[in-house]
Amino acid sequence: MKVLMLGGTSFVGRHMVEKLLENGHEVVLFNRGKSNPNAFPNLRKIIGDRRKDASKLAEERWDAVIDTSAYTPSDLQPVLQHIKTDHYTFISTISVYDDYKGGPVSETSSVFQHEVQGDKVTGETYGPLKVMCEKLIKESIGDKALIIRPGIVIGPQDPTDRFTYWAMKLNGEGNVLIPGSKERKVQWIDARDLAAFTVSQLERKQTGVYNVVADPVSMEEFVLQTTFGQPDTVWADEQYLLERGVQAFELPFWMPHSEDYPEGFILVANEEAKGTGLTFRPLKQSAKDTLEWVEKEEDFQLKAGISREKEKSLLEKIKK
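Following this note's numbering, the numbering of the sequence shown begins with 9 at its first residue and continues without gaps.
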């Protein structure tokens, strides 16, 4: 198949391209050439800004398109205006759901209904803007669209470092502060499993909406599966953390229990995706591969998590 990848050189898109090539597809990249410009040197590239240069895409017809880089309708409209394809895959997010009070949500659960004015992406607008993107795609392409809603994505090349934080902390030196209860459940998807599922659905010309996440596990199991040694873990009660000004997700994979989030996390159902082929690798494998990637990176600096100084202060107060 001749596949157009919008983006394709960073994290999720990069793993998608690798899987497409592994499966023997012809891949063409359309991006600005700014993120990892040396990636995939042998692939054909169409250099351009999706908002300004989407007309370059109108010259050809594509068997399939994968869009990993649209966050707002302004990102999408120019592309949809010019694209010619039989199948369009859009990478959305589970942040489109607006109600977690009843526990894990499914693909048919309610999503944000209000429209965002402007296209500034923040923690508050990210989900609603993705909903607007999904609606625009369905209106423009209809039954040719495949909507993928992943949870927190982990693995090598992750620019957010949310899982990388835990892989490094739990396999480093010193005490490690773990937030919340041992029973609290968390959920994720490895970028390579996300890519494998997406490409398999694209090959089958599957359409519809899918939550793409691994089965949830307890935080205690998460810690055990991310660890290769015997870390000195110290579990901190969430009320203790809140009283000391620690914000939700400041410690990755942690948010306090509340009326809006009774699970203490954002959990979604994954039965639909598993029923059509989703599989996921062991978390320990994701941790191993992430650590190996970090070791190869020059001057790697974590971008997620609390500082060592703040962690030390919190640990000292717990021990008193």
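Cβ coordinates follow ideal geometry from the N, Cα and C atoms, glycine included.
(request) Can you have a look at N50 and say buried or exposed, based on whether 16 or more other CB atoms are within 10 angstroms of its CB? (result) exposed
(message) Please report the distance separating the alpha-carbon of W70 from that of E251.
(response) 54 Å
(message) On the criterion of 16 or more Cβ atoms from any shown chain inside 10 Å, does P270 qualify as buried, or is it exposed?
(response) exposed
(message) Taking the straight line between their C-alpha atoms, what separation do you get for H90 and K60?
(response) 12 Å
(request) Give the DSSP bridge partners of G15, in chain order. (result) According to DSSP, G15 bridges with nothing at all.
(request) May I ask you to report which of helix, strand or coil DSSP gives E34? (result) strand
(request) Report all residues from its chain with a CB closer than 8 Å to the CB of T284; omit the five preceding and five following residues, and keep chain order. (result) Q209, Q214 and Y218
(message) One question on the structure: do P164 and T298 come within less than 8 Å of each other, judged by their Cβ atoms?
(response) Yes.
(message) Residues in the same chain with beta-carbon distance under 6 Å from L14, minus the five sequence neighbours each way, listed in chain order, please.
(response) F38, D75 and S77
(request) Under 6 Å Cβ to Cβ from F171, same chain only, skipping five residues before and after it: list those, please. (result) I162
(message) With H, G and I counted as helix, E and B as strand and the rest as coil, what does DSSP make of G135?
(response) helix
(request) Taking 8 Å as the threshold, find out whether the region 101-116 comes into contact with the region 145-161 through three or more Cβ pairs. (result) yes
(request) Tell me where the beta strand (DSSP E) around T93 begins and ends. (result) T93 -> no beta strand (DSSP E), and no H or E assigned at all.
(request) Reducing DSSP to helix, strand and coil, say where W301 ends up. (result) helix
(request) State yes or no: is the C-beta of M263 within less than 8 Å of the C-beta of G272? (result) Yes; because the gap between Cβ atoms is below 8 Å, this pair is in contact.
(message) If I follow the unbroken alpha helix (DSSP H) through L249, where does it start and stop?
(response) Judged by DSSP secondary structure, L249 falls within the alpha helix (DSSP H) whose first and last residues are E246 to E251.
(request) Starting from the Cα of V73, find the closest Cα among L322, I99, E303 and Y79 and give me that residue. (result) The shortest C-alpha separation from V73 is found at I99.
(message) Here's a check: name, in chain order, each residue in its chain whose Cβ is nearer than 8 Å to the Cβ of M140, leaving out the five neighbours to either side.
(response) T80, P81, E123 and V124
(message) So for G188, helix, strand or coil by DSSP?
(response) coil
(request) Answer with buried or exposed for N278, where buried requires no fewer than 16 other C-beta atoms within 10 angstroms of its C-beta. (result) Buried, since its Cβ has 16 or more Cβ neighbours within 10 Å.
(message) So, with DSSP's three-state summary, where would you put L154?
(response) strand
(request) Quick one: give me the first and last residue of the alpha helix (DSSP H) that Y173 is part of. (result) R170 to K177
(request) Work out the CA separation of E67 and N183 for me, nearest whole Å. (result) 58 Å
(request) Flag this pair as yes or no: are the beta carbons of T130 and T206 separated by less than 8 Å? (result) no
(request) Look at the alpha carbon of D268 and the alpha carbon of K109, and state the distance between them as a whole number of angstroms. (result) 5 Å
(request) Go to R52, then tell me how far its beta strand (DSSP E) extends in each direction, as first and last residue. (result) R52 to I55
(request) Counting only the same chain and skipping the five closest in sequence on each side, list residues whose C-beta sits under 6 Å from that of R192. (result) For R192, the CB contacts under 6 Å within the same chain, skipping 5 residues up- and downstream, are M227 and G272 in chain order.
(request) Please go through the same chain and pick out, in chain order, the residues whose beta-carbon is closer than 6 Å to the beta-carbon of E319, but skip the five residues on each side of it. (result) The residues are L185.
(message) Quick check on this structure: which residue in D57, T287, Q195 and L65 has the alpha carbon closest to the alpha carbon of D83?
(response) D57
(message) Quick check: what's the CA-CA separation for D198 versus L65?
(response) 30 Å
(request) Keeping to the same chain, check which residues put their C-beta closer than 7 Å to that of A47; ignore five residues upstream and five downstream. (result) If you ignore the 5 residues before and after A47, its C-beta comes within less than 7 Å of the C-beta of T17 and R22, all in its own chain and listed in chain order.
(request) Give the range of the beta strand (DSSP E) segment to which A204 is assigned. (result) That residue, A204, is in no beta strand (DSSP E); its alpha helix (DSSP H) goes A199 to E211.
(request) Would you mind reading off the limits of the alpha helix (DSSP H) that contains V217? (result) Note, V217: premise wrong, no alpha helix (DSSP H); beta strand (DSSP E) at G216 to V220.
(message) Going by DSSP in three states, T76 sits in which element: helix, strand or coil?
(response) Correct three-state label for T76: coil.
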